[in-house]
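All remarks here apply to the structure that follows.
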Amino acid sequence: MGGIDKFPLERMRDKEVKLSFDCPQCRGTRIQMSDSDDMSFWKGVRCPKCKALILLDSLSVTVVKEDGVSRR
70 MGGIDKFPLE RMRDKEVKLS FDCPQCRGTR IQMSDSDDMS FWKGVRCPKC
120 KALILLDSLS VTVVKEDGVS RR
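Note that the sequence shown covers residues 70 to 141 in this note's numbering.
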């Protein structure tokens, strides 16, 4: 069996992380966050349409590594 690694937001800084999603408030604008001050806990991004402040409070990526040869 391989291993499982979990990478929290803090550990992913400077890894060119980019997120893109519809504004959860108005759903009328595409919000984009990148690995910069956009992902700062309290800074966030303001929706240009509804003016809601969108904060990223947590994010983690889980990587599952499997040993052996892949089957086709």
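Backbone N, C-alpha and C define an ideal beta-carbon position, used for all residues, glycine too. These numbers come from a predicted model, not from an experiment.
- Taking 8 Å as the cut-off, the beta carbon of Thr-98 is found closer than this to the beta carbon of Cys-116.
- A distance below 8 Å between beta-carbons, with the five flanking residues on each side excluded, links Met-81 to the following residues of its chain, in chain order: Asp-104, Leu-128 and Val-130.
- If you draw a 10 Å sphere on the C-beta of Val-133, you find fewer than 16 other C-beta atoms in it, and that means exposed.
- Around the beta carbon of Ile-100, a 10 Å sphere encloses 16 or more other beta carbons of the protein chains shown; the residue is thus reported as buried.
- Rounded to whole angstroms, the separation of the alpha carbons of Arg-96 and Glu-79 is 28 Å.
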